Every structure is written in structure tokens, then in C-alpha cells.
Amino acid sequence: MARLGQKRLIRLVRLSLPVLVLMVVASGPVLQIARGSICTISLGLITLTCPLGFIQTSLASSSIVLGLVVPTATIVAATILLGRVFCGWICPAGNVMQHFGDVGRSRYLPGLRLTSFFQQNSTRIVLLGSTLVASAVLRYPVFCVVCPVGIICRNVISLVHYGSIGLDLLLIPGIVALELVLAPWCAHICPLGTTLSVLSRKSTIVPVIDKAKCVVCSICTKVCSLKVSLIHSRALEDCSKCLECSVRCPTNAIEWRKRAES
Amino acid sequence: MNRREFLRVFGVGIGVIALFDMFPRIIRRRNLVRPPGSVVEEAFNAVCIRCARCIQVCPTGAIVIADMSDGFKELGTPKIDPLRGPCERIQGRCDQKAKCAEVCPTGAIRPIDRRAAKTGSAIINADRCIAWRGGSCLVCYEVCPVQGAISLMDESRPIFHADICVGCGRCVYACPAQPKALTLTSEGERRLWPD
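Residue numbers (this note's numbering), protein chains in the order written: chain A, 1 to 262; chain B, 263 to 457.
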């Protein structure tokens with residue numbers, strides 16, 4: 001019973017935190033809590049910047065965007081420490097993607113995806129690399145323009161400030177559709193997620209299976225939205241610390257440890 | 263991933279991006295009017311991280327987010343829409359310093375001398391202008407914050423001087439004609455080169 005309550009609480013927090021963040025973004029200049037969108041947000045004296053945005057704008061302008069160095073370093077440090085926590089708890093697009101993507105795939109379009117190709121780790125690295133090369137060649141941040149996080153934030157801001165939304169919001173269902181055909185967006189395509197994965201190679205806290213308790217039911221692998229395989233300790237850098245595996249594990253075999261001990 | 267697969271994905275990706283790159287040239291008729299202190303267009307599109315802060319702080323609501331219809335490269339960047347509000351850096355609610363430039367984290371918009379900023383110029387369509395059609399209207403002349411940008415012919419009909427106009431859009435916002443007799447363009451804009 002206690003575990004059921006815990007499960008509900010974790011889900012509730014995971015669903016409501018992105019909404020809360022969007023509300024903070026929307027109320028920006030009125031409440032003075034935050035300024036800017038998730039791309040670059042100032043909370044009091046702390047400013048945080050999307051690392052992929054920093055790399056892309058720097059490449060596109062062939063210079064280092066000085067104003068973004070410290071805000072990016074803060075996020076990089078946090079990611080090295082905590083891994084892809086952003087993906088599991090803050091990203092407003094993640095919920096949309098995971099819900100519609102997973103439901104749609106399992107219910108309507110099983111087996112249509114080109115998953116085997118996109119599931120390879122090298123594919124998403126190449127996708128990220130291509131984004132960066134394209135930014136440098138075309139001289140604008142290519143991914144920022146279509147980034148679901150950016151699109152959602154910008155549309156929330158425009159809706160609050162002048163009451164209209166842009167056509168770019170149509171890109172979100174477009175990406176969901178793409179995800180149905182190709183592969184899960186968050187785990188295998190999203191260049192921002194890939195950037196954070198690369199940064200969290202050495203992430204300190206990781207889920208580890210207690211072999212004595214584990215019954216090898218593979219539920220942890222099935223429920224993981226980022227397709228981390230705990231049984232094989234594979235792709236641990238992708239873990240978004242969403243805690244879904246721990247609360248779903250029937251034997252309570254998943255522990256959160258510092259990587260050094262594991 | 264083998265080489266063939268890699269090249270295929272790469273080719274398709276480049277094709278899609280090239281298509282989107284062509285898109286603005288097909289649909290866009292004229293350049294966007296950017297907030298005061300913006301760096302030159304190429305550098306602006308490169309460095310703007312599209313965080314929409316400038317939109318949040320603009321006291322008149324003049325800055326809006328460029329949409330698909332403004333081009334793919336420009337998507338998410340700020341532009342001035344004088345129909346939503348005028349840029350009041352010269353006179354009015356912006357306290358004579360550009361707030362958008364103060365909050366810009368990337369230096370796409372830079373704090374500059376307000377007199378040096380020329381975001382464009384207003385042009386008049388005399389066929390729609392109330393004064394030019396014989397009515398009595400001096401609204402644009404009265405709201406203009408810049409001496410000499412609008413002069414009056416026969417003390418009634420406005421003439422616009424694009425070289426003096428700073429492109430703030432006050433006249434466009436205030437113009438009572440329906441449809442508006444004035445449009446704000448980026449013609450003659452003076453913008454900074456990044457260092």
C-alpha cells in the first residue's frame with residue numbers, strides 16, 4: 001500500500017513539474033521568479049542555458065557566445081552529477097512524446113518503425129553531429145528552430161503575452177508522427193537528450209539491480225522510457241532518474257547507488 | 263551503422279534542411295524589422311538562441327516571435343510588429359534604454375545609444391491615408407518622436423522622410439485608417455557588426 005502511494009506520488013510529481021516550470025516561464029515578468037524560457041532561464045542570480053543551444057549558436061556564429069558560458073557550465077556540471085534528470089522531470093516535451101509515442105506505437109503502429117536502425121547508439125550520435133555540422137554550415141542553430149522544448153516555451157510565452165500561438169506548434173504532432181515511424185524520440189533521436197547522455201557518461205548516481213532480489217522479469221527494461229537495460233547494465237548514461245523502474249519492480253530489487261560503488 | 267546507411271541518413275537530412283532553407287525565399291517578401299541594437303541579420307540568426315526573453319520584457323508588446331511565415335531560419339527569433347505595439351525606446355514606456363537589449367543573453371541585441379539605432383523606416387500608402395484622401399488627420403505627425411521624420415505638405419498631408427525616420431513604428435501603431443496607411447519596413451536599417 002505504501003508502495004502504491006509512493007508510485008502515485010512520483011508519477012504526479014513527474015507530470016506536474018514540467019507544467020509548473022511552464023507556468024513559471026509564463027508568469028515570468030509578472031511574478032519576477034524567472035525570466036526567459038527553458039532555453040536560457042534566469043532564476044534570481046542563477047542563469048541556466050541549454051548546452052546544445054550554446055554549442056549551436058557558437059558554431060553558427062563562429063565565436064564563443066560569452067554571455068552563455070557560465071550558464072552552460074552550470075548545466076554541464078549538474079548533468080555530470082545527476083545525469084539526464086532534465087529529461088525525466090523537467091522537459092515539457094518529454095511527457096507529450098512519451099505518452100503519445102508509446103501509446104501510439106504499442107496500439108496502432110506496432111512494427112512499423114525503423115527501430116533497429118535508430119536504436120543503434122551510433123545513429124543518434126551521427127544525428128547530433130549532423131545537427132552541429134548543419135548549424136555551422138547554414139549559420140543558424142538548426143535544432144533550436146525545431147526543438148520541441150523551445151517551441152512549447154515560445155508558444156506559452158506568445159500565448160501569455162499577445163494571445164496567439166504560432167504555426168510552429170504543428171511541428172510537435174509532426175515529431176510525434178516521426179517518432180511513431182522511426183523510434184522513441186527521447187531515447188533514440190532527440191539531439192538534446194543525446195548531448196545530455198554524452199555529458200552524463202560519468203553520472204554519479206545510477207540504478208543498480210540487487211542480484212539477490214532480482215527475478216529477471218525484465219519489467220524494469222519494459223517500463224523504462226529511455227530504454228535503459230538494467231539487467232545488462234547497458235546505456236546507464238541515458239537514465240533520467242525517473243524512478244519508474246524502482247517503483248514498478250515487483251521485488252524491490254533496484255537500488256540507487258553511487259557509480260563508484262557499483 | 264555502415265557507410266551506406268550513414269550516407270543515406272546524411273543525404274536525407276541535408277535534403278530536408280536544404281528544403282527548409284529554401285522555404286523563406288519562396289514565401290517571404292521583405293526582411294523582418296528587428297529590435298533596436300540587433301546585430302546584422304546573418305549574425306542575428308546565428309547567435310539568437312530563441313529564448314523569447316526580449317518578448318517578455320518589452321513594455322509595449324511590440325516584439326513578437328517570428329513564425330513559420332517569416333522563414334525557417336528566422337523561426338523563434340524576435341521581430342517588431344508595430345500592429346501589436348510601437349517600439350518606445352526614443353520616447354515613452356521603455357525609459358529611453360532598450361530593455362530587450364539588457365536582457366538578451368547572447369548579444370544578438372546589444373545595448374546601444376538610442377539615437378544610433380535605426381530599426382527601419384515607415385512608408386506611406388497615400389491611397390489609404392485619410393489626410394491624402396482629403397480628410398483631416400494628423401495622428402502620425404503628432405505621435406512621431408523624431409523631429410523632421412514626418413513633414414506636412416500644405417499643413418495637412420504627411421510626407422515621410424525615410425532617412426530621418428528611426429523605424430519605431432509609433433505612427434503605424436497609431437494610424438487610424440482601416441486598413442492602415444502605414445507600414446514599417448526594415449529599409450535603411452542601421453545594424454551592428456559583431457566583434
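Ideal placement from N, C-alpha and C gives every residue a C-beta, glycine not left out.
If you're wondering where the values come from, they're calculated on a predicted model, not measured in any experiment.
Out of A:162, A:220, A:40, A:201, which has the shortest C-alpha to C-alpha gap to residue 150 of chain A? A:40
Can you tell me which of the three DSSP states residue 428 of chain B falls into? coil
Please report the straight-line C-alpha distance between residue 134 of chain A and residue 444 of chain B, rounded to a whole angstrom. 39 Å
On the DSSP bridge assignment, give the partners of residue 419 of chain B in chain order. B:415
Spell out whether any CB of chain A is found under 8 Å from the CB atom of residue 357 of chain B. no
Cβ of residue 307 of chain B within 8 Å of any chain A Cβ: yes
Residue interval of the beta strand (DSSP E) (run including residue 446 of chain B): 444-447
Apart from the five residues just before and just after residue 200 of chain A, which ones in its own chain have a Cβ nearer than 7 Å to its Cβ? 79, 80, 83, 84, 237
On a CA-only basis, which of A:20, A:118, A:246, A:241 is nearest residue 213 of chain A? Give me that one, please. A:246
Go ahead and label residue 351 of chain B buried or exposed: buried means 16 or more other beta carbons lie within 10 angstroms of its beta carbon, across all protein chains shown. buried
Let me confirm a value: residue 280 of chain B is counted as buried when at least 16 other C-beta atoms fall within 10 Å, else exposed. Which label applies? exposed
Bridge-paired residues (DSSP) for residue 42 of chain A: Residue 42 of chain A pairs with A:35, A:47.
Given a threshold of 16 other Cβ atoms within 10 Å of its Cβ, counted over all protein chains shown, does residue 155 of chain A qualify as buried or as exposed? buried
Near-chain A residues of the region 362-396 of chain B (beta-carbon distance less than 7 Å), N- to C-terminal order: 365, 367, 368, 369
Rounded to whole angstroms, what's the CA-CA distance from residue 425 of chain B to residue 43 of chain A? Just pull it up for me. 42 Å
Taking the alpha carbon of residue 60 of chain A as the point to measure from, which residue in A:131, A:118, A:232, A:184 has its own alpha carbon closest? A:131
Close-in-space but distant-in-sequence residues of the same chain around residue 414 of chain B (CB under 8 Å, 5 per side omitted): Around residue 414 of chain B: 400, 403, 420, 421.
Kindly say whether residue 318 of chain B, judged by its beta-carbon, lies nearer than 8 Å to any beta-carbon of chain A. yes
Name, going along the chain, the residues of the region 12-28 of chain A whose beta-carbon falls closer than 7 Å to a beta-carbon of chain B. 28
In the region 281-350 of chain B, which residue ranges form an unbroken alpha helix (DSSP H) of at least 4 residues, counting only runs that do not cross its ends? The qualifying runs are 303-309, 315-319.
Closest Cα partner of residue 292 of chain B within the set B:336, B:362, B:364: B:336
Can you name, in chain order, every residue of its own chain whose Cβ lies under 7 Å from the Cβ of residue 20 of chain A, other than the five neighbours on each side? none
Interface residues of the region 53-81 of chain A facing chain B [CB-CB below 9 Å]: Correct list: 53, 54, 56, 57, 58, 59, 60, 61, 62, 63, 65, 66, 67, 68, 71.
Are the CB atoms of residue 232 of chain A and residue 119 of chain A nearer to each other than 8 Å? no
Sequence-distant residues of the same chain with beta carbon closer than 8 Å to residue 438 of chain B, five excluded per side: 392, 399, 401
Beta-carbon spacing of residue 448 of chain B, residue 167 of chain A below 8 Å: In terms of Cβ geometry, residue 448 of chain B and residue 167 of chain A do not form a close pair [threshold 8 Å].
Pick out whichever of A:56, A:34, A:255, A:165 has its Cα sitting closest to the Cα of residue 46 of chain A. A:34
Quick check: what's the CA-CA separation for residue 164 of chain A versus residue 323 of chain B? 13 Å
What is the DSSP secondary structure of residue 258 of chain A, counted as helix, strand or coil? In this structure, residue 258 of chain A counts as strand in the three-state DSSP scheme.
Proximity winner among A:22, A:72, A:205, A:182, relative to residue 92 of chain A (alpha-carbon distances): A:22
Check whether residue 349 of chain B and residue 298 of chain B have beta carbons under 8 Å apart: yes
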